[in-house]
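Colleague: Can you keep this structure in mind? I'll have questions shortly.
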Amino acid sequence: MAPGEYYSLRHIPELVKLASIQPATQADCIPTTLSGPIPAVSQRLRGRLELRIWDWEVQHTLKCLGLEHLLRSDLFRPDKPHAKFALWRHWSITVRRWMDRQLSRKIRAKLGASRFAKKYADDAYNVIRDLGSHYDHALCKATWFKLINMRRFHYTTVAQYVTSFQRAYIDAKELNCGISPYTALIAILGELESDLPHWVATVLLFLSEDAVTDYTYADFFSKPVAW
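So this is what it looks like as structure tokens:
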């Protein structure tokens, strides 16, 4: 949800009642109406780096509205004789169109070109997740070089440099093209030697002999630092 937005409480009783039902089909628990349009997620899906957060936000947003079952391929779709078939069809297509708007132009174009079924929300959701999870070698290359080419003099303060380096480190790790925590620490120490010579010397002095293999991701982000 965007800052300042809120969900209407008008449909809370209906949603609570529906949440207690174990659905047999995607139509069994959908609400009849919503108080407004489905809110957008915080960031459009561009690729693998955003997929985990994007997926969580999509599911959370739809769950708050009682529409999460429309994404579940493990639930049967209702047959035409089902009392809520028309309502299910309306909401499934509505959610599919809403998900389209939560995608970058690149992913949206790939979705449009896909030959897999994507008319209804559950199919489109599966195709989108598959497209978003594909390994992007160009992105990997750019992410890797961004990390290894970061220099202290590119930033005004030590804190800005360290924060940017840590973010780039996380991005590279998410793409499985990162460096070890020990290597990341050594890179930062090398760049900070001019600013903090005594601190750098102290950190190096107290690193264990096995730090090259034993220094962990958690150590890199949690150990006390001088910036």
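Numbering (numbering that gives the first Met the number 0), first residue to last: 0 to 226. For every residue, glycine included, the Cβ atom is placed at its ideal position computed from N, Cα and C.
Are A171 and L146 close, meaning C-beta to C-beta below 7 angstroms?
Modeller: Yes; because the gap between Cβ atoms is below 7 angstroms, this pair is in contact.
Colleague: Give the secondary structure of A217 by DSSP, where H, G and I count as helix, E and B as strand, and everything else as coil.
Modeller: helix
Colleague: If you draw a straight line from the alpha carbon of G35 to that of L110, how long is it in whole angstroms?
Modeller: 27 angstroms
Colleague: Among H136, K140 and F115, which one has its Cα closest to the Cα of D129?
Modeller: The residue with the shortest Cα to Cα distance from D129 is F115.
Colleague: Please work out which residues of its chain come closer than 7 angstroms, Cβ to Cβ, to A141, disregarding the five sequence neighbours upstream and downstream, and give them in chain order.
Modeller: Spatial neighbours of A141 in its own chain (CB-CB distance under 7 angstroms, excluding positions within 5 residues in sequence) are not present.
Colleague: Output yes or no for whether 7 angstroms exceeds the beta carbon distance between A26 and K83.
Modeller: yes
Colleague: Let me make sure I understand the geometry here. Which of L191, L138 and K105 has the alpha-carbon closest to that of V161?
Modeller: L191
Colleague: Can the beta-carbon of V202 be found less than 7 angstroms from the beta-carbon of Y181?
Modeller: no
Colleague: Within the same chain, show all residues whose beta-carbon is closer than 7 angstroms to that of V199, passing over the 5 residues directly before and after it, in chain order.
Modeller: L188, L191 and E192
Colleague: Considering only their Cβ atoms, is the gap separating L64 from L33 smaller than 7 angstroms?
Modeller: yes
Colleague: How far does the alpha helix (DSSP H) with D99 in it reach, from first residue to last?
Modeller: D99: member of the alpha helix (DSSP H) spanning F84 to D99, first to last residue.
Colleague: Looking only at its own chain, which residues have a Cβ that is under 7 angstroms from the Cβ of R51, when we skip the five neighbours before and after it?
Modeller: none
Colleague: Which of helix, strand or coil does DSSP assign to T156?
Modeller: coil
Colleague: Run the CB neighbour count on W53, radius 10 Å, all protein chains shown included, and call it buried at 16 or more, exposed below.
Modeller: Counting Cβ neighbours within 10 Å, W53 comes out buried, since at least 16 surround it.
Colleague: F205 lies in the alpha helix (DSSP H); which residues open and close that run?
Modeller: P196 to F205
Colleague: So what's F75 in DSSP terms, helix, strand or just coil?
Modeller: strand
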